[in-house]
Structure formats: C-alpha cells, structure tokens
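To start, the structure under review is shown below, and the notes come after it.
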Amino acid sequence: MTPPGAAAAGPLAPVQATALTAAASRDAPGWRGAAAEFIDGLPAQRSLLALAASIDELLAGPQVVEAHGARLHDALLRDLGPVVERHPLIAASRLEGAVRLAIADAVAPFAVLGRLTDFPPGTPEEFIEALPRLVGAAMDRWAGELALTTPLRGALDRLRHEEAAAVDAAFELACDDLRAALTATEMPAVLEALTAARSRFATVDAAEQARHDARAHAAVCDAVLAFAAQDRRRLADAADRLTAALDQRSAWLRGTHRPQWLRPRHAAEPAWRRVVLLLRAASDRLAETIWMDVWEALGAVLDAYTQVRTLQPLPGAQAAPGLAVVVEPTIENAIVRSQSRLAALRRTVVEASAAENPPLPPRTAELLLSRIETAAADRRPALPQASRTPPDVDEDEDSHAAVARAHRAAPALVRVLGERQAAGLTAGLGDEDLRLLDGVVHSSEIARSRTAHPVLDPLLDRLLGQLADSPEFTGRVRATFGLLLEQTLRFLVSRADLEARTWGGPDADYRRALREGERRPREAELQRDYHQWLATGQLGGLVAVEVGDVAQGRADVATTFGSLRYVTEVKRELRDASREHLEAAHLAQAAEYGGANVPFGQLLVLDLTPHPRGAPRVDERVWLARHRPPGSSTDRFVVVGVVTGNRRTPHQL
Numbered sequence: 003m004t005p006p007g008a009a010a011a012g013p014l015a016p017v018q019a020t021a022l023t024a025a026a027s028r029d030a031p032g033w034r035g036a037a038a039e040f041i042d043g044l045p046a047q048r049s050l051l052a053l054a055a056s057i058d059e060l061l062a063g064p065q066v067v068e069a070h071g072a073r074l075h076d077a078l079l080r081d082l083g084p085v086v087e088r089h090p091l092i093a094a095s096r097l098e099g100a101v102r103l104a105i106a107d108a109v110a111p112f113a114v115l116g117r118l119t120d121f122p123p124g125t126p127e128e129f130i131e132a133l134p135r136l137v138g139a140a141m142d143r144w145a146g147e148l149a150l151t152t153p154l155r156g157a158l159d160r161l162r163h164e165e166a167a168a169v170d171a172a173f174e175l176a177c178d179d180l181r182a183a184l185t186a187t188e189m190p191a192v193l194e195a196l197t198a199a200r201s202r203f204a205t206v207d208a209a210e211q212a213r214h215d216a217r218a219h220a221a222v223c224d225a226v227l228a229f230a231a232q233d234r235r236r237l238a239d240a241a242d243r244l245t246a247a248l249d250q251r252s253a254w255l256r257g258t259h260r261p262q263w264l265r266p267r268h269a270a271e272p273a274w275r276r277v278v279l280l281l282r283a284a285s286d287r288l289a290e291t292i293w294m295d296v297w298e299a300l301g302a303v304l305d306a307y308t309q310v311r312t313l314q315p316l317p318g319a320q321a322a323p324g325l326a327v328v329v330e331p332t333i334e335n336a337i338v339r340s341q342s343r344l345a346a347l348r349r350t351v352v353e354a355s356a357a358e359n360p361p362l363p364p365r366t367a368e369l370l371l372s373r374i375e376t377a378a379a380d381r382r383p384a385l386p387q388a389s390r391t392p393p394d395v396d397e398d399e400d401s402h403a404a405v406a407r408a409h410r411a412a413p414a415l416v417r418v419l420g421e422r423q424a425a426g427l428t429a430g431l432g433d434e435d436l437r438l439l440d441g442v443v444h445s446s447e448i449a450r451s452r453t454a455h456p457v458l459d460p461l462l463d464r465l466l467g468q469l470a471d472s473p474e475f476t477g478r479v480r481a482t483f484g485l486l487l488e489q490t491l492r493f494l495v496s497r498a499d500l501e502a503r504t505w506g507g508p509d510a511d512y513r514r515a516l517r518e519g520e521r522r523p524r525e526a527e528l529q530r531d532y533h534q535w536l537a538t539g540q541l542g543g544l545v546a547v548e549v550g551d552v553a554q555g556r557a558d559v560a561t562t563f564g565s566l567r568y569v570t571e572v573k574r575e576l577r578d579a580s581r582e583h584l585e586a587a588h589l590a591q592a593a594e595y596g597g598a599n600v601p602f603g604q605l606l607v608l609d610l611t612p613h614p615r616g617a618p619r620v621d622e623r624v625w626l627a628r629h630r631p632p633g634s635s636t637d638r639f640v641v642v643g644v645v646t647g648n649r650r651t652p653h654q655l
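Now the structure itself:
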C-alpha cells in the first residue's frame, strides 16, 4: 500500500484525500497520523487538478481542518517563492488554499497577507492573474480592519498596473469603494464613494465586455444615486440594466463550476436586486401627488425606509448604513415637502396605533413621522437658495448644507466639477433644474464610460480629484487645464505604444534601446514631438515653443487660453529617474513658471536610464507634485509625466 505522503504527490491524491476526510468524520483509528503524513507530502504534487481537488476535499472536512488546519496552511506556503517561478499555477492554487484557511479563521491571517501583498517585479503572469480574486476575498472577510485592508488595497493598486491582473484589480478596487459607501455615515461621503465605485465598475465593463458583474454593480450605483436625486427615469433605466446584467450573468454561469467559498458574492446579487426594486417602488410612490391607497403606498415607502438597514448586499458586511444615509433623508425630504403625504402619514400612524393587527409596522411609521415632524419644525422659509442667509445660521453651516444638497441632488455634477464649484452652482438652481442638469452630466458620463480607456480615464479622474484641492482649480481654469492635461495623458499613452516606424525608423526614435557609446537623445526631441502632438490636435493655435519673458526665462512649451497660460517644462534624465530625484532636480523650475499666472503647470521627463526587464506602466509614471517656494503661502501644482526611453521592444525582452 502506498504511504499517504507518497500518495499525496501522485495522481490518486484526491481519492486519498476523500478517504482521509471520510475517516476523520468517523473518527477512525489512525486517521490523524495518516492525514498529517498526507499533508506533509502535498507540496510535492505537480498536477494542478490533483492539487486543487485534494485541497477541496481536505477543506470540506471540518475535523481535518480543526486538527490539521495550521499544518496544512504551513505546508501550502512552504517554499512558495521558488514554486511561483517554476510552477506559477501550482503556487496560485496553494496560496488559494491558504487564503481559504485564513478566511475560515482556522489560522491567523498574517502569513497569508504577506504572500498576497509581496509579488516582486517579474513575477509570472499566471500567478499575478490569480491574485486580485484572492485579495478581494480577503478584503471581504476583514472589511473594516484597517490594519489588514490597507496593505491589501495597496496590493490592488499595484496589481492595477499589471496587464494580466489590471481588470480584475480594478473590479476589486471598485468593490472596496462600494464597501466604503455602505459603511460611511455622512451623505457626501456615501455619494462620493458611490460615484467613484460607479466609475470604476463602468471602466471594467468597458475594458472587458464579459464582466456582467461589473455592469450589474454599476447599475446598482446608478440606481442609488438616481434615488437620492429623485430622478425616476434614471432609476428605472438603472433597474432595467441591473435586471438584464444579472439575467445574462446567470445564463452565462449556468452549469459552470463555482467554488463553494466564492459563492457568498454570487448570493449577494439577489440582495442588490431587491435593493433596487425597493428603491424603484418607493420612488414611484413618492412621485405621486397624493396617495389614494395610503396603506399600499406607505408599505412601499416603509420597506425602503427600514430594510436598507438590514440588507447585506456585500459579503462580510453586517449591515448597510450607507444606504440608509441616502435613502432615509430622501424619503423624509419628499414627504415633508408634500402636505398631503404628511397628512396621510399622520393619519396612518394614528390608525395603526389603535388597530389590533395593523397592516404596517406601527413602530417604524411612528419613527418616520417623528423625524419628519422634527424636520418640518426646523424647516426654513422656502426662499431661493442664493438669497437665503438667516442671521442665526453660521456661514459654515450654510456651506455644509449647500455641499450636502449638491451631493444628494447632483452627484454626477459634483464628480465632474468638484465639490466647491458644484455647491456654488446648485445654490442658484431649483431642484427640478438641478436634476435636469445632473441628468445631462450623468448621460455624458455613461457615454464616456462605454468607451473608457482602462488606464487613461482612471488616471485623469485621479489627477483632477487631486487638483481640486486647490481653491483656484474651478471654472475656466478647471476646464482649460483639464483639457490640456487630457491631451498630455493621451500623448503619454500613445508614446508607450507606437512602434518605431512612426518616427521614420528605429534610429530616429528617441525611445529606442541605446547601444554603448551611442549619442543620447536630447530633450529637444521630446519637446518637438509633444509640441507637434498638441499643435495638430484640439489645442492647435494655442501652443508655442521656446516662449520668452516667462518668469525671466524661456518656456519650453506654453499653452495659452486667453489670459490663462500653462507652461510645460521638458527635461531628460540619464542616471536616476525615481520620483524623489526628479522632483528634487526639476520641480522648482517647472513650478516657477506659474509665479505670474495660475499655479498649474506640467513637467515632462525623457527617462534614458536602462530598463532591461521592461518599462513601467504609464499610470505609474504620472503624478501630481506640489511646490511652495520659501516665503510663499500658495502651493503650485505640477503634473509630472515620464516618457520611458532606452527601452527594448517586447520581442527583445
């Protein structure tokens, strides 16, 4: 008879694992020793199917996990580094088994977390491809524990730059944004996280058409945002898109194998469908002028009002307070604005308190009425927002109310314009006009997301969000510098892809791999290429090179929009292209050109350092830097973009 240790490395390992699990369930004599020997031999298994099936069988036995969970965990992670290099798929299967043990609380999570977050450059794609799903499962399990989730989110950010894992990592980051929305307690924070999640889900859907889960989640975010804005048309459209996405996803997955440990995510999808159905029913009822069938109408409203606190639409979540933060004020505001609905609610509460078997939960109706009566008592006179400044209201409180109103009624507008600009604009608009405007912005966002670039669009959104920290980044400045920034990012993306023949042959390409003793390209070559890119695009006629009398110097590339001027400084680097060195060497000069105009500029650097193992991704080489000269009280913002030169073609690598 083959010893258990040897059997674990052979083709019959799954059969042996099944026999051991059955023996453990009967507490057969000797099963513990045999199981320990089998587990010790399992790392020698070189068949992916046999290894995965054996792990499944062992983890299906609670007695085996209880007795030998730590031993199995250590065996799966033993000498994993060399296995990643030689057999990446085997290594990924072993890591998955260890993650499942940690998620089941059979072992402490720290060893697994170290493996999930430690993948050096050059890690095989087959192993990298499996990581986002495992990291996402870990984030589901330890949601809310920052000490654990912070490094996991950092790992997802890094995986987003790996081609094999980029789409899956973006999906998991979107789930994390959605999780943040569901746990936030302030409406602006909830809606900001929801819009961020929606954008990520839409980008994933555009990048990979088969991602019906991303399409469904984007529709869910749209539905919640539409309910907050009381836009029934958008809410109905989102509900229809959610139904179509979930139906298609169900059809595609029918008959396929779905691991037991990943089923909570699939089980959460019906909860999302129920959320949207509740919101749609409540929205339809709140849109009615009066309630003729009061009990039925209030039933739909109270369902949405109460059940958002108990639904669990993400695995690992105990409740969804973020949904309540959006849904409850929306319902309360809608009722307090309608005297007929408020009167119906009052009467219903009175009747329910006197009835033996009330058709609605009286405690919930009383709570809703109490909160609405309080809001009605505190309600200010219905004056236009722009002219309303009561003497007893602090300006900060007024500003906070304007921001909250903007987030509630026009979340898409807030995402595009920024919080300050959107709050100022909404102050002069009524609710109907504001919903109309937000609908236009939302539609354009949807149209854009359908053709979204998986690298450029998230990068542009991130930079615009960081630039919004400047109080001067509003209005015309935001529009013009945003346009220049988008063109610059498109230039960087194109130069990361275009073949050498575009420049007239390899020798003319300033990005070419350099031979020993060969002349190094000058920054003038990058400057000329960038200027031609801008001059032949949307900014033709607005861009010039070597412009004099700018901060007592000459600007490499200047782009002007009337009186607004943005300077792009161009440099090259031969020795150290790290972020720290580039900022220390060139940031002060690039920022100096903004001393007599708006404090925004750009720095392009041609990196000619060696790249023997490949070039970094575009979004790893673009960031926003700040510089404040001594004695100044204002930050200057410089977008730094690095063009990778001295690089080999994929074939040469």
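Residues 3 to 655 in my numbering are what the sequence shown spells out, letter by letter.
Even glycine gets a Cβ: it sits at the ideal position worked out from N, Cα and C.
- Message: Taking 9 Å as the threshold (C-beta atoms), are A228 and L244 in contact?
- Response: Within the sequence shown, residue 244 is the residue found at index 242, counting from 1. Within the sequence shown, residue 228 is the residue found at index 226, counting from 1. Contact annotation: L244 and A228 have beta-carbon atoms that are not nearer than 9 Å.
- Please report the residue range of the beta strand (DSSP E) in which T570 lies. Here the question's residue 570 lines up with position 568 in the sequence shown. Judged by DSSP secondary structure, T570 falls within the beta strand (DSSP E) whose first and last residues are 566-575.
- Query: Hey, would you say L606 sits closer than 9 Å to G643, going by beta carbons?
  - Reply: For the purposes of this step, residue 606 is taken as residue 604 along the sequence shown, with counting starting at 1. For the purposes of this step, residue 643 is taken as residue 641 along the sequence shown, with counting starting at 1. Against a cut-off of 9 Å, the Cβ pair of G643 and L606 comes out as a contact.
- Any idea what DSSP makes of W33, helix, strand or coil? For the purposes of this step, residue 33 is taken as the residue at position 31 of the sequence shown. Helix at W33.
- Task: Determine the closest residue to S252 out of D215, A149, N648, S285, with distance taken between C-alpha atoms.
- Result: For the purposes of this step, residue 252 is identified with residue 250 of the sequence shown, where counting begins at 1. When each option's Cα is compared against that of S252, the closest is D215.
- Task: Alpha carbon to alpha carbon, how far is D178 from A62? Give it in angstroms, no decimals.
- Result: Translated into the one-based positions of the sequence shown, residue 62 becomes position 60. Translated into the one-based positions of the sequence shown, residue 178 becomes position 176. Separation of A62 and D178 (C-alpha to C-alpha, rounded to the nearest whole angstrom) is 29 Å.
- By Cβ distance below 6 Å, which residues in the same chain neighbour A553 in space, the five residues on each side in sequence not counted? Counted from its first residue, the sequence shown places residue 553 at position 551. Spatial neighbours of A553 in its own chain (CB-CB distance under 6 Å, excluding positions within 5 residues in sequence) are listed in chain order as E594, Y595, G597.
- Task: Give the secondary structure of G7 by DSSP, where H, G and I count as helix, E and B as strand, and everything else as coil.
- Result: As a position in the sequence shown, residue 7 is number 5, starting the count at 1. When secondary structure is reduced to three states using DSSP, G7 falls in the helix class.
- Message: Would the region 133-150 count as touching the region 163-175 if we require 3 or more Cβ pairs under 8 Å?
- Response: A contact exists between the region 133-150 and the region 163-175.
- Query: Around the C-beta of Q211, are 16 or more other C-beta atoms found within 10 angstroms, so that it is buried, or is it exposed?
  - Reply: The count along the sequence shown starts at 1 and reaches residue 211 at position 209. Exposed.
- Ordered list of alpha helix (DSSP H) runs contained in the region 82-149, each at least 4 residues: Here the runs fully enclosed are 82-88, 90-105, 112-119, 127-130, 133-143.
- Message: Between which residues of its own chain and A69 is the CB-CB distance below 8 Å, once the five residues before and five after are set aside?
- Response: Counted from its first residue, the sequence shown places residue 69 at position 67. Counting only Cβ-Cβ distances below 8 Å, and skipping sequence neighbours, we find A26, R34, A37.
- Query: Thinking C-beta only, is L44 closer than 9 Å to A15?
  - Reply: What you label residue 15 is simply residue 13 of the sequence shown in a count that begins at 1. What you label residue 44 is simply residue 42 of the sequence shown in a count that begins at 1. Going by C-beta atoms, A15 is nearer than 9 Å to L44.
- Message: My parser needs the alpha helix (DSSP H) runs of 4 or more residues fully inside the region 18-68; what are they?
- Response: Here the runs fully enclosed are 33-43, 50-61.
- Item | L118 to G124 span [Cα, whole Å] | Walking along the sequence shown from the start, residue 118 turns up at place 116. Walking along the sequence shown from the start, residue 124 turns up at place 122. Their backbone Cα atoms lie some 15 Å apart in a straight line.
- Message: Which same chain residues end up closer than 6 Å to R524 when comparing Cβ atoms and leaving out the 5 residues on each side of it in sequence?
- Response: Along the sequence shown, one-based indexing puts residue 524 at 522. In its chain, beyond the 5 residues on either side, no residue has a beta carbon closer than 6 Å to the beta carbon of R524.
- Pick out the complete alpha helix (DSSP H) segments inside the region 162-245, 4 residues or longer, and give them in chain order. Fully enclosed alpha helix (DSSP H) runs of 4 or longer: 168-185, 189-209, 214-230.
- Message: For the pair the region 494-501 and the region 575-592, tell me if three or more CB-CB distances fall below 8 Å.
- Response: Taking 8 Å as the limit for Cβ pairs, the verdict is that the region 575-592 does not touch the region 494-501.
- Task: Using the Cα positions of T476 and A627, report the straight-line distance between them to the nearest angstrom.
- Result: Against the sequence shown, residue 476 aligns to sequence position 474. Against the sequence shown, residue 627 aligns to sequence position 625. So the two alpha carbons sit approximately 19 Å from each other.
- Query: When the Cβ atoms of the region 559-572 are set against those of the region 519-534, are three or more pairs found closer than 8 Å?
  - Reply: Between the region 559-572 and the region 519-534 there are three or more inter-stretch CB-CB distances shorter than 8 Å, so the stretches are counted as touching.
- Cβ-based neighbour list, I130, same chain, cut-off 6 Å, excluding 5 preceding and 5 following: Start at 1 with the first residue of the sequence shown, and residue 130 comes out as number 128. Annotation for I130: E164, A166, A167 place their beta carbon closer than 6 Å to its own, counting only its chain and skipping 5 residues before and after.
- Pick out the complete alpha helix (DSSP H) segments inside the region 582-630, 4 residues or longer, and give them in chain order. Those alpha helix (DSSP H) runs which fall completely within the region 582-630 and span 4+ residues are 590-594.
- In or out: V277 buried (at least 16 other Cβ within 10 Å) or exposed? Your numbering for residue 277 matches position 275 in the sequence shown. When all chains shown are included, V277 counts as buried.
- Would the beta-carbon of E474 fall within 9 Å of that of P601? Here the question's residue 474 lines up with position 472 in the sequence shown. Here the question's residue 601 lines up with position 599 in the sequence shown. In contact: E474 and P601 (Cβ atoms closer than 9 Å).
- G660, DSSP secondary structure in three states: Nothing in the structure corresponds to residue 660, since the chain is present only between 3 and 655.
- Name, in chain order, the residues that DSSP records as bridge partners for R649. Taking the first residue of the sequence shown as 1, we reach residue 649 at position 647. Paired residue(s): H613.
- Message: Would you say A593 lies against chain D (beta-carbon separation less than 9 Å)?
- Response: Here there is only one protein chain, and chain D is not present.
- Task: Quick one: grab the DSSP three-state call for P386.
- Result: For the purposes of this step, residue 386 is identified with residue 384 of the sequence shown, where counting begins at 1. With a pLDDT of 37 at P386, under the threshold of 50, the predicted position of this residue should be treated as unreliable, though the coordinate-derived value follows. DSSP places P386 in the coil class of the three-state scheme, outside both helix and strand.
- Task: Assuming A186 and F203 form a contact by the criterion Cβ under 8 Å, report the distance between their Cβ atoms to the nearest whole angstrom.
- Result: For the purposes of this step, residue 186 is taken as the residue at position 184 of the sequence shown. For the purposes of this step, residue 203 is taken as the residue at position 201 of the sequence shown. Between A186 and F203 a beta carbon distance of about 18 Å is seen, past the 8 Å cut, so the two are scored as non-contacting.
- Query: Looking at the unbroken beta strand (DSSP E) that takes in R556, where does it start and where does it end?
  - Reply: As a working note, residue 556 is residue 554 in the sequence shown. For R556, the enclosing beta strand (DSSP E) begins and ends at 555-563.
- Query: From V545 to E622, what does the alpha carbon distance come to, in whole angstroms?
  - Reply: Looking up residue 545 in the sequence shown gives position 543. Looking up residue 622 in the sequence shown gives position 620. Per the coordinates, the alpha-carbon of V545 lies some 27 Å from the alpha-carbon of E622.
- Task: Kindly indicate which three-state DSSP category V352 falls into: helix, strand or coil?
- Result: By one-based count along the sequence shown, residue 352 stands at place 350. Taken through DSSP and simplified to helix, strand or coil, V352 comes out as helix.
- G83 burial status per 10 Å Cβ neighbour count (16 or more: buried): Indexing the sequence shown from 1 puts residue 83 at position 81. Looking at its Cβ environment, which holds fewer than 16 other Cβ atoms inside 10 Å, G83 is exposed.
- Just tell me which of E271, A182, A481, A191 has its CA closest to the CA of A660. Past the edges of the chain, shown from 3 to 655, lies residue 660, and the structure says nothing about it.
- Task: Determine which residues share a DSSP beta bridge with F639 and list them.
- Result: Reading the sequence shown from its first residue, position 637 is the one you call residue 639. F602, R628.
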